[in-house]
Amino acid sequence: MTKELCHVIEQISREKGISKEIMVEALESALLSAMRKKYGGRTNIHLTIDRKKCDIRVYETKLVAAEVADPDQEISLKAARAIDPEKKEGDIVEFPLDLHDLGRIAAQTAKQVIFQRVREAERDVIFSEFKDRTGQIVSGSVMRKEKGAYFINLGKTEAYLAIKDTLPTENLKRGDVVKAIVEEVKVTAKGPEIIISRTSPQFVGELFRMEVPEISEGLVIIKSIVREPGERTKIAVTSKDTAVDPVGSCVGMKGTRVQAIVRELRGERIDIIPWTDEPRTLIARALSPASVEKIGVNEDDKTAMVVVNDQQLSLAIGKKGQNVRLAMKLTGWEIDIISDTEYSKIRLEETDKALEDSMRKESQKKETPSVDA
142 MTKELCHVIE
152 QISREKGISK
162 EIMVEALESA
172 LLSAMRKKYG
182 GRTNIHLTID
192 RKKCDIRVYE
202 TKLVAAEVAD
212 PDQEISLKAA
222 RAIDPEKKEG
232 DIVEFPLDLH
242 DLGRIAAQTA
252 KQVIFQRVRE
262 AERDVIFSEF
272 KDRTGQIVSG
282 SVMRKEKGAY
292 FINLGKTEAY
302 LAIKDTLPTE
312 NLKRGDVVKA
322 IVEEVKVTAK
332 GPEIIISRTS
342 PQFVGELFRM
352 EVPEISEGLV
362 IIKSIVREPG
372 ERTKIAVTSK
382 DTAVDPVGSC
392 VGMKGTRVQA
402 IVRELRGERI
412 DIIPWTDEPR
422 TLIARALSPA
432 SVEKIGVNED
442 DKTAMVVVND
452 QQLSLAIGKK
462 GQNVRLAMKL
472 TGWEIDIISD
482 TEYSKIRLEE
492 TDKALEDSMR
502 KESQKKETPS
512 VDA
């Protein structure tokens with residue numbers, strides 16, 4: 142192997158991120174395959190490469206035999222001792238071969254084997270790099286759109302972004318730079334397939350982790366996050382340090398941090414609330430931006446009745462029930478919302494019923510005749 146070939150291997154190793162040893166092993170395997178093909182598939186052809194001096198040694202081996210049955214595999218004892226007087230029956234004799242004996246077809250075979258091994262090694266490198274990045278955000282540019290998906294260029298490889306995993310309001314074009322979260326890395330016949338998404342709630346959580354140092358440092362913790370992509374996200378946060386305001390940290394000075402995330406999400410609304418273990422307070426906060434007047438809870442069934450001002454009812458429920466639906470997912474409680482007027486009506490009906498029941502009981506007492514002893 143010439144110095145120039147060594148240089149090529151080192152260059153490919155750097156560009157593809159493949160170790161030099163793997164490249165040398167691939168070359169050994171390719172050249173050995175080509176040489177054996179040249180000599181009719183004989184398995185007694187061997188090849189080794191010196192890693193330091195970049196020299197290739199090709200040789201064939203023959204078994205010393207009393208009687209030669211196969212000249213390609215065996216050598217007579219007399220001929221063996223002419224080479225080395227100490228050889229005896231059953232020993233192995235090595236014969237050097239000229240590497241230039243490689244013909245055009247054999248050289249082409251070697252080239253194909255090298256390319257195949259390089260592709261396999263490159264796939265292994267890509268898989269190793271991305272298999273541990275599940276749940277992390279990657280950034281890339283749109284290469285093309287086909288068969289219901291975008292293909293995103295990540296540098297060494299491309300990722301698969303299904304249209305259903307993009308925001309409802311966005312239409313990506315070639316060259317657009319997008320961020321997404323790695324949801325899955327699969328091994329396929331064509332190599333690793335990296336599946337990414339922009340609709341996952343974890344995507345928003347990772348955006349906050351990137352934008353808010355207090356979250357990445359572990360001072361502020363995301364307790365729960367729910368989302369309807371393109372519409373609204375609700376995120377509940379808490380702080381390990383009483384001196385650190387979890388909501389303020391996420392919002393940033395003059396809203397700079399949260400606005401950066403809103404821009405990435407194409408204007409999606411984000412409600413950030415402080416987490417608490419007290420269910421009434423948590424439910425009230427989860428229904429933000431609506432104001433709550435009264436809350437009754439059943440802790441056994443994890444159900445809650447929420448009373449809001451008449452003007453706040455539509456805001457509390459949200460468009461097509463979105464706000465209360467997200468609040469229920471965020472808190473884990475079943476929430477029923479009624480207006481103050483409806484609540485007053487129910488209370489009045491309950492009062493009337495209680496009064497009627499009381500009067501009925503009094504009437505029954507008066508009508509019941511007394512029994513003399």
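Residues 142 to 514 in the numbering used here are what the sequence shown spells out, letter by letter. Ideal Cβ placement from N, Cα and C applies to all residues, glycine included.
With respect to residue 431, residue 456 sits close: the two C-beta atoms are nearer than 8 Å. Closest by C-alpha distance to residue 193, out of 280, 202, 161, 224, is 161. Beta-bridge pairing by DSSP links residue 312 to no other residue.
Taken in chain order, the complete beta strand (DSSP E) segments of 3 or more residues contained in the segment 216-287 are 233-237, 278-287.
Taking a C-beta distance under 8 Å as the contact criterion, residue 299 and residue 284 qualify as a contact pair. Comparing alpha-carbon positions, the option among 275, 314, 310, 276 lying closest to residue 294 turns out to be 314. Within the same chain, Cβ atoms closer than 7 Å to the Cβ of residue 255 are found at 167, 168, 171, the five residues on either side in sequence being excluded. Segment contact: the segment 472-483 against the segment 443-463, three or more CB-CB distances shorter than 8 Å; contact assigned. The beta carbons of residue 407 and residue 287 sit about 23 Å from each other, so the pair does not count as a contact at 8 Å.
Taken through DSSP and simplified to helix, strand or coil, residue 341 comes out as coil.
By DSSP's assignment, residue 187 forms a beta bridge with 200. Every unbroken stretch of the alpha helix (DSSP H) spanning 4 or more residues and falling wholly within the segment 410-492 is given here in chain order: 420-427, 454-458, 463-472.
Going by beta carbons, residue 339 and residue 321 fall inside the 8 Å limit. Secondary structure at residue 166: helix, using DSSP grouped into helix, strand and coil.
Ranking 367, 448, 461, 368 by CA distance to the CA of residue 488 puts 448 first. Around the Cβ of residue 398, a 10 Å sphere holds 16 or more other Cβ atoms; the residue is buried. Judged by DSSP in its simplified three-state form, residue 159 adopts coil rather than helix or strand. According to the DSSP assignment, residue 368 belongs to the beta strand (DSSP E) that extends over 361-369.
Bounds of the beta strand (DSSP E) holding residue 321 are 318-329.
The Cβ atoms of residue 230 and residue 238 lie no closer than 8 Å to each other. Exposure of residue 280 is indicated by the presence of fewer than 16 other C-beta atoms within 10 angstroms of its C-beta. Between residue 282 and residue 332, the C-beta gap is not smaller than 8 Å, which leaves the two residues out of contact. In this structure, residue 413 and residue 402 do not form a Cβ contact; the two beta carbons are roughly 10 Å apart against a cut-off of 8 Å.
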